[in-house]
Amino acid sequence: MTSARISQLLFLVIFIFLFVMTEYRGHDEINAAVNSFFRADPLVLLSYLFAAKEWTWLLLPAVLMTLATFLLGRFFCGWICPLGTILDLITPTIRKSVPIRMLKGNTKYWLLIPILSASLFNLNLSGLLDPIAILLRGLTFLLYPLLGMTAREGWVGLYRLIGERRDTVAPAYNLLRDNLLPFRDTMYPLAFLSAIILLVVILLERYETRNWCRNLCPLGTLMGLLGRFSPFNRVPLGLCGDCGQCRELCPTTFDQGGLNKEECILCMECEHGCPNARISFRPSFRVKYQLPLIPGRRVLLGGIASGLLLAVPARFRSPEKDSRLLRPPGVRDEDNFLKKCVRCGECMKVCLKNALYPSAWQAGVEGIYTPLLIPRLGYCEFNCTLCGQVCPTGAIPNLPVFKKRREVIGKAVFDKNHCLPFAKRIDCIVCEEHCPIPDKAIRSRELKLTGFDGVVRTVKEPYVMEEICNGCGICEFVCPVETKAGIEVFAVKNRAPIAEPAATAGTLDVSGQTGYDVR
Amino acid sequence: MDRREFIKSAGAFTLMTPILFKEALAAMDQPLVVVAEGRDYPVITRRAINAVGGMKRFVKRGDVVVVKPNMGWDRSVELAANTHPLVVRTVVEECLSAGARKVKVFDNTCNDARRCYVNSGIENALEGMKNVECKHIETERFKKVALNGQFLKEWELYDEALSANVYINVPIAKHHGLSKLTLGLKNVMGVMGGNRGFIHRNIDVALADINSHLKSHLTLIDATRILTAHGPQGGNIADVKVLNKVIASTDIVAADAFATTLFGMKPADIPVTVSAYKRGLGEMNLDRIKVVRV
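From first to last, the protein sequence lines are chains A and B.
For the first sequence, my numbering assigns the number 2 to the initial residue and increments by one for each residue that follows.
For the second sequence, my numbering assigns the number 12 to the initial residue and increments by one for each residue that follows.
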């Protein structure tokens, strides 16, 4: 096995490990999350810088990766990329036909350049086609929930079969549940699309090895461009006249007669398999490069123009959709959020109460795959700060819990046609009970009302204290009115954090620090 | 005494007899409420249990026991939203030393179960104890039960609570927005599944329905610290009052009735208590409850 292959498997294991770790497992802080991969992603870096036009230290690893790519070339693809590794593992089982002509030539630049150019015009779409994001979304939205549901169905089925006796094998299942399975079974919108995209990337292997990587992947293409002048070269550059074995050994580039450095992923299979041991990878400055340098002026200008053409119409969103455009806590400005969000899906994976879901069309074309809070399905847990912790670009800010609690997601509004005390003149107040604001953003007043049955009774009528409502959505989540809730959270423009209650300033509990030694 | 007077008094006496008899009987059979006070919570918990007859009175060797605390909220111990972990652990220890085969501790939480179990301190307090389970609720274990109550005809209840030999109710005394207080009677909501918020529309009758079906063999109210406002989850230390008390009784209504006085209220102010009393689930008149302080 080559070192590259060992490294690939290692990073795949790390990726899966971090993926599983991106979940609440008894601690308020997640130390290592799968966001590391995005934070070291030059495509994410560039599109962030172009779109947000500001710097974040979160992306420092991506700067280092960019420098490393300058020096070494496109090693990420052959040594690290988990999607590439998965393709390498699967591709031997797929019989190849001929490469698709359409994908050759400038196609990959037609993807990369518009993406970068659209970022300049404030539309950050890099995450849509970023290979790590494609893999992560496929896992998060379909495969992982599928694993969880299968395991749980089996576990529940066992209970139906043998009842209490199931407890004898509970330790084994608990081990699995606590360390591997998702806590809750969640169905995500766009699960199907996410899986299809991943599947297409895999199925492209039918035509040639690493088809996605060499002909489409915008991250790979970017790294190819960056690494094209690296002093680290394969020697000799071309095929030897008497052998030509490289044609068979190389997964990406030698089928066109020579080495196209932009496509070389430094897997070193050629060095490893060379019958004459002539090949080496080393710093060498004398190598002359024979292929044309830039993708071509026409592609460059065309790409930039299409980025602009893409960015402007994608902004359209019908105004009524804005009312339920609820973003994760700490996101105060929609436009700024859209510039920074990678659409990687990590916040949705980690969300404690599964309140976050990928937007299909709710946020317009430009908002596809961005996280939306859907209170009827889950609410934002008062003491939880996980989404901010795993966001690779800080689109969702990583806030300490006492700040996050005060961040406004929206404001709750009663619907008097549905809310029981109004609509039916009977008691309820489940929303007030669950409101986590210490001073209660939902309160009630006692009224003597004549019920519709003619009986006079005292009924507690709820109302919202708007200035201290943070829009967490638990009221809407727990509202016992079926289907449509009697209280709903609506988005607001002004998301200035709610004031700290004077009486409790500084004394709010920091969850997990009980102050009691219970042992 | 003339004839008329005699007949009058005789008639009155005859009419009064059953009532007087009942009074006399009640005096003999008054429900006992134990109030233990002190800063050492394991000690007062143990004292309270011993004063109601010791755990051996309830738990027989080989029994499966459910200890049901209130741990429904993601709040830390001092905020008085969940039963104190030391109280819970002491009850569990007493069950074990009385010979329980297994002690199960759970609650159908309102906030995320993982966070509630961790931050209530209860999961941690029970960690490593043999024959003790502190598992999250598993929804497949809810069983539809015919209650034939006045408001609830049937509801999903947790089968581990139903099948246990002994059910010990360990609530914390708290303010509640709708029912004014939440004590022992309301703590059984933690074994209910389904759309629990539904019962809020007639909560006092609904809780009497559930408590008629699922009897608490022992009710132990944690009043080491109580939540006096913004219940049931609070969040503000200013709403917490430290009382250093634990209340124990086999009569859930009597325990609740006494605990009501800790908030400066009368049992008759709490519709849940009144409704359960009317249903015959226990005594709420303080003058007919024997209060023993230990």
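By construction, the Cβ of each residue, glycine as well, lies at the ideal position given by its N, Cα and C atoms.
Every value quoted in this text rests on a predicted model; they were computed, and no experiment measured them.
Quiz item: Along chain B, in chain order, which residues have C-beta atoms closer than 8 angstroms to that of A:I430?
Solution: Taking the first sequence and counting its residues from 1, the one referred to as residue 430 of chain A is at position 429. Residues of chain B passing the Cβ test: G188, L189, H211.
Practice problem: Have a look at A:E367 and A:D428 and give me their C-alpha separation to the nearest angstrom. | Solution: The count along the first sequence starts at 1 and reaches residue 367 of chain A at position 366. The count along the first sequence starts at 1 and reaches residue 428 of chain A at position 427. Near 44 angstroms, if we compare the C-alpha coordinates of A:D428 and A:E367.
Quiz item: Can you give the beta carbon distance from B:L173 to B:E165, rounded, assuming they're within the 8 angstroms contact cut?
Solution: Position 162 of the second sequence, counted from the start, is the residue given in the question as residue 173 of chain B. Position 154 of the second sequence, counted from the start, is the residue given in the question as residue 165 of chain B. The Cβ separation is near 13 angstroms, so there is no contact.
Exercise. Would you please verify whether the beta carbon of A:G516 is less than 8 angstroms from any beta carbon of chain B?
Key: Counting from one through the first sequence, the residue named residue 516 of chain A turns up at place 515. Because the pLDDT of A:G516 is 38, which lies under 50, any placement of that residue in the model is unreliable, and the number read from its coordinates should be weighed accordingly. Yes, contact with chain B.
Practice problem: With DSSP as the reference, label A:L378 as helix, strand or coil. | Solution: Translated into the one-based positions of the first sequence, residue 378 of chain A becomes position 377. In this structure, A:L378 counts as coil in the three-state DSSP scheme.
Quiz item: Using a C-beta to C-beta distance shorter than 9 angstroms, which residues of chain B count as neighbours of A:D416?
Solution: Reading the first sequence from its first residue, position 415 is the one you call residue 416 of chain A. None at all; the shortest Cβ gap to chain B is about 16 angstroms.
Quiz item: Counting contacts by CB-CB distance shorter than 8 angstroms, is A:I15 in contact with chain B?
Solution: Position 14 of the first sequence, counted from the start, is the residue given in the question as residue 15 of chain A. Taking Cβ atoms only, chain B never reaches closer than 8 angstroms to A:I15, which makes this a no.
Exercise. Could you pull out every unbroken alpha helix (DSSP H) segment of at least 4 residues lying fully inside the segment 51-84 of chain B, listed in chain order?
Key: 52-62
Quiz item: Thinking C-alpha only, which one of A:L240, A:R298, A:E263, A:G258 is nearest A:E272?
Solution: Taking the first residue of the first sequence as 1, we reach residue 272 of chain A at position 271. The residue with the shortest Cα to Cα distance from A:E272 is A:L240.
Quiz item: Within 8 angstroms (strictly less), CB to CB, does A:Y370 reach chain B?
Solution: Reading the first sequence from its first residue, position 369 is the one you call residue 370 of chain A. No, A:Y370 does not count as interfacial toward chain B.
Practice problem: Tell whether a beta-carbon distance below 8 angstroms holds between A:A52 and A:M269. | Solution: Locating residue 52 of chain A in the first sequence gives position 51, counting from the first residue. Locating residue 269 of chain A in the first sequence gives position 268, counting from the first residue. Not a contact, by the Cβ cut-off of 8 angstroms.
Quiz item: Can you list, in chain order, the residues of its chain whose CB lies under 7 angstroms from that of B:L90, leaving out five sequence neighbours each side?
Solution: Taking the first residue of the second sequence as 1, we reach residue 90 of chain B at position 79. If we look at B:L90 and ignore the five residues flanking it on each side, its Cβ neighbours are G245, G246, I248, V251.
Quiz item: Taking the alpha-carbon positions, what's the A:V35 to A:G395 distance?
Solution: Locating residue 35 of chain A in the first sequence gives position 34, where the first residue counts as 1. Locating residue 395 of chain A in the first sequence gives position 394, where the first residue counts as 1. Those two C-alpha atoms are separated by around 14 angstroms.
Quiz item: Roughly how many angstroms separate the alpha carbons of A:I305 and A:L373, rounded to a whole number?
Solution: For this step, residue 305 of chain A is matched to residue 304 along the first sequence. For this step, residue 373 of chain A is matched to residue 372 along the first sequence. Taking the straight line joining both Cα atoms gives about 30 angstroms.
Self-check item: Where A:K354 falls: helix, strand or coil (DSSP)
Solution: To locate residue 354 of chain A, count along the first sequence from 1; it is residue 353. Three-state DSSP puts A:K354 in coil, outside helix and strand.
Quiz item: To the nearest whole angstrom, what separates the beta carbons of B:F269 and B:V102, a pair I think is in contact under 8 angstroms?
Solution: Taking the first residue of the second sequence as 1, we reach residue 269 of chain B at position 258. Taking the first residue of the second sequence as 1, we reach residue 102 of chain B at position 91. 18 angstroms between Cβ atoms; not a contact.
Quiz item: For B:I300 and chain A, any beta-carbon pair shorter than 8 angstroms?
Solution: Indexing the second sequence from 1 puts residue 300 of chain B at position 289. Taking Cβ atoms only, chain A never reaches closer than 8 angstroms to B:I300, which makes this a no.
Practice problem: Compute the beta-carbon to beta-carbon distance between A:P330 and A:I410, rounded to the nearest angstrom, for a pair I have assumed lies under 8 angstroms. | Solution: Taking the first sequence and counting its residues from 1, one reaches residue 330 of chain A at position 329. Taking the first sequence and counting its residues from 1, one reaches residue 410 of chain A at position 409. About 6 angstroms separates the two Cβ atoms, so the contact holds.
Exercise. From the DSSP output, in three-state form, read off A:R444 for me.
Key: The count along the first sequence starts at 1 and reaches residue 444 of chain A at position 443. Here A:R444 sits in strand by DSSP.
Practice problem: Would you kindly check if the distance between the Cβ of B:L238 and the Cβ of B:A92 is under 8 angstroms? | Solution: Walking along the second sequence from the start, residue 92 of chain B turns up at place 81. Walking along the second sequence from the start, residue 238 of chain B turns up at place 227. Yes; because the gap between Cβ atoms is below 8 angstroms, this pair is in contact.
Quiz prompt | Those residues which DSSP pairs with A:A312 across a bridge | solution = The residue given as residue 312 of chain A occupies position 311 in the first sequence. Paired residues: none, contrary to the question.
Quiz item: In the structure shown, what three-state DSSP assignment does A:Q514 receive?
Solution: Sequence index remark: in the first sequence, residue 514 of chain A carries index 513 (1-based). Bear in mind that a pLDDT of 40 at A:Q514, under 50, signals an unreliable position, so the number given afterwards is only what the model happens to contain. A:Q514 falls in the coil class under three-state DSSP.
Exercise. Give me the Cα-Cα distance between A:L68 and A:L10, rounded to the nearest whole angstrom.
Key: Taking the first sequence and counting its residues from 1, one reaches residue 68 of chain A at position 67. Taking the first sequence and counting its residues from 1, one reaches residue 10 of chain A at position 9. Computed Cα separation, rounded: 24 angstroms.
Practice problem: Measuring only between beta-carbons, confirm whether A:E434 sits less than 8 angstroms from chain B. | Solution: Translated into the one-based positions of the first sequence, residue 434 of chain A becomes position 433. A:E434 counts as touching chain B.
Quiz item: In or out: A:F77 buried (at least 16 other Cβ within 10 Å) or exposed?
Solution: The count along the first sequence starts at 1 and reaches residue 77 of chain A at position 76. With 16 or more Cβ atoms within 10 Å of its Cβ, A:F77 is classed as buried.
Quiz item: Expressed to the nearest angstrom, what Euclidean distance is found between the alpha-carbon atoms of A:G379 and A:C342?
Solution: By 1-based counting over the first sequence, the position of residue 379 of chain A is 378. By 1-based counting over the first sequence, the position of residue 342 of chain A is 341. Answer to the nearest angstrom: the Cα atoms are 21 angstroms apart.
Quiz item: If we count Cβ pairs, one from each stretch, closer than 8 angstroms, do we get three or more for the segment 273-286 of chain B versus the segment 59-75 of chain B?
Solution: no
Quiz item: Going along chain C in order, which residues have a C-beta closer than 8 angstroms to the C-beta of B:P243?
Solution: Looking at the structure shown, chain C is missing, and the protein chains on hand are A and B.
Quiz item: Does the segment 108-123 of chain A come close enough to the segment 51-65 of chain A to have 3 or more Cβ pairs within less than 8 angstroms?
Solution: yes
Quiz prompt | Any alpha helix (DSSP H) of 4 or more consecutive residues that is wholly inside the segment 127-189 of chain A | solution = 127-130, 132-139, 145-163, 171-180
Practice problem: State the beta-bridge partners of B:E48 as determined by DSSP. | Solution: Within the second sequence, numbered from 1, the residue matching residue 48 of chain B stands at position 37. Note: B:E48 sits in a beta bridge opposite B:K256.
Quiz item: Who are the Cβ neighbours of A:R248 in its own chain at under 8 angstroms, not counting the five residues just before and after it?
Solution: As a position in the first sequence, residue 248 of chain A is number 247, starting the count at 1. L240, F255, D256, listed in sequence order.
Self-check item: Cut-off 7 angstroms between Cβ atoms - residues of its own chain near A:P422, not counting five sequence neighbours on either side
Solution: Counted from its first residue, the first sequence places residue 422 of chain A at position 421. The answer, listed in chain order, is D428, C429, V460, K461, E462, P463.
Self-check item: Backbone CA spacing between A:N32 and B:F69 [nearest angstrom]
Solution: For the purposes of this step, residue 32 of chain A is identified with residue 31 of the first sequence, where counting begins at 1. For the purposes of this step, residue 69 of chain B is identified with residue 58 of the second sequence, where counting begins at 1. Whole-angstrom Cα-Cα distance: 46 angstroms.
Exercise. Return helix, strand or coil for A:E30, following the three-state DSSP convention.
Key: If you number the first sequence from 1, residue 30 of chain A lands on position 29. Coil, per DSSP.
Quiz item: Does B:R236 get closer than 8 angstroms to chain A when you measure Cβ to Cβ?
Solution: Counting from 1 along the second sequence, the entry for residue 236 of chain B is found at position 225. So no, B:R236 is outside the interface.
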